[in-house]
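Single-structure report; data block below.
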Amino acid sequence: MSGATTDAGPDRPGLTPPRDAVAPERHPDAPAPGEPLGAHYDHCFGCGGAQPHGLHLEATAGEGVSVTAEFTVQPAHQGAPGLAHGGVLATALDETLGSLAWLLRTIAVTGRLETDFVQPVPVGATLHLEARCTAVAGRKIYSTAVGRIGGPDGPVAVRADALFIEVKLEHFTDNGRPEEIRAAMSDPDQVKVARAFEVNP
Ligand SMILES: CCCCCCCC/C=C\CCCCCCCC(=O)SCCNC(=O)CCNC(=O)[C@H](O)C(C)(C)COP(=O)(O)OP(=O)(O)OC[C@H]1O[C@@H](n2cnc3c(N)ncnc32)[C@H](O)[C@@H]1OP(=O)(O)O
């Protein structure tokens, strides 16, 4: 055994914003509170309509830099009999936190996601999620989310804290499989989404 056992450690920066972090700013052109955000990519496992077994998570803009979202657990999402798989629940949190990017109008990917599984979530249950951005430091975006069963006042089932990192469009074009990238770039709807994030495809 060696060294201190903090949750972060010197080589693994944690989820606590640094001293120079600032409060997140809602972009002036962000969708209005109550506006559905839609999918950022039709084939996204979290929010896309073209994934038969995806989560089909629907997110809505909230006040400030916050969102709410809903997702109903399907039989295809099971881990144990009749219960949602933990990875699927983490995906729901990740997707909800990721959709905060619409409010910041920034493209960002998950660097770190720390999840607490508080209570099992049965198949058929609707998970109500809320996420908000807590701080920004350069390219680092700090955020937190909670998921409740059955309604916005239901029992807490899952929680997460996350660090997203702002990236350029090249993050996708350099790393994604060329056939999907080509298809995305020739899809006017996808180009519109990229523009909404103020990226020139
Ligand atoms: C036509 C095409 C259309 C395109 C579509 C456009 C619209 C799409 C819109 C939106 C899409 C969003 C999709 C959302 C989906 C849900 C969210 C996900 O699941 S995303 C997938 C999972 N995540 C990844 O795959 C990331 C994989 N990781 C990486 O690529 C890199 O590690 C990356 C980009 C995260 C960072 O790499 P670096 O080289 O850019 O930057 P470095 O210098 O390493 O980090 C910057 C700072 O962040 C800290 N950092 C990085 N990773 C950290 C970590 N894991 N924990 C703590 N700190 C970390 C570092 O310590 C550094 O901090 P210091 O500036 O030095 O203070």
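Counting from 18, one number per residue, gives the positions in the sequence shown under this note's numbering.
Backbone N, C-alpha and C fix where the C-beta goes; we use that ideal spot for every residue, glycine too.
Here the structure is a predicted model, which means the values were calculated and not measured.
Boundaries (first-last residue) of the beta strand (DSSP E) holding residue i
{"i": "L186", "result": "No beta strand (DSSP E) contains L186, which DSSP labels as neither H nor E."}
For residue i, the residue or residues it bridges with in DSSP
{"i": "D133", "result": "R176"}
{"i": "G145", "result": "Before going further, note that residue 145 is His rather than Gly in the sequence given. Per DSSP, E87 and R165."}
{"i": "I158", "result": "V153 and F181"}
{"i": "P139", "result": "L100"}
{"i": "Q95", "result": "A101"}
{"i": "T127", "result": "F181"}
{"i": "V39", "result": "V153"}
Host alpha helix (DSSP H) of residue i (start-end)
{"i": "P34", "result": "No alpha helix (DSSP H) holds P34; DSSP gives it neither H nor E."}
{"i": "A117", "result": "Rather than Ala, the amino acid found at residue 117 in this sequence is Leu. Element bounds for L117: n/a, residue is neither H nor E."}
{"i": "R199", "result": "P195 to M202"}
{"i": "D170", "result": "From DSSP, D170 is part of no alpha helix (DSSP H); its letter is neither H nor E."}
May I have a chain-ordered list of the beta strand (DSSP E) segments no shorter than 3 residues that lie completely inside the region 45–90?
Within the region 45–90, the complete beta strand (DSSP E) runs of at least 3 residues are 75–78 and 83–89.
I'd like to know if the region 123–131 and the region 77–96 are in contact, where contact means that at least 3 CB-CB pairs between them fall below 8 Å.
no
Segment contact flag, the region 103–115 with the region 70–86, C-beta cutoff 8 Å, min 3 pairs
yes
For the 8 Å Cβ check, are there 3 or more pairs between the region 161–176 and the region 35–55?
no
Any 3 or more C-beta pairs closer than 8 Å across the region 134–144 and the region 189–203:
no
The region 113–122 touching the region 158–169, judged by at least three CB pairs closer than 8 Å:
yes
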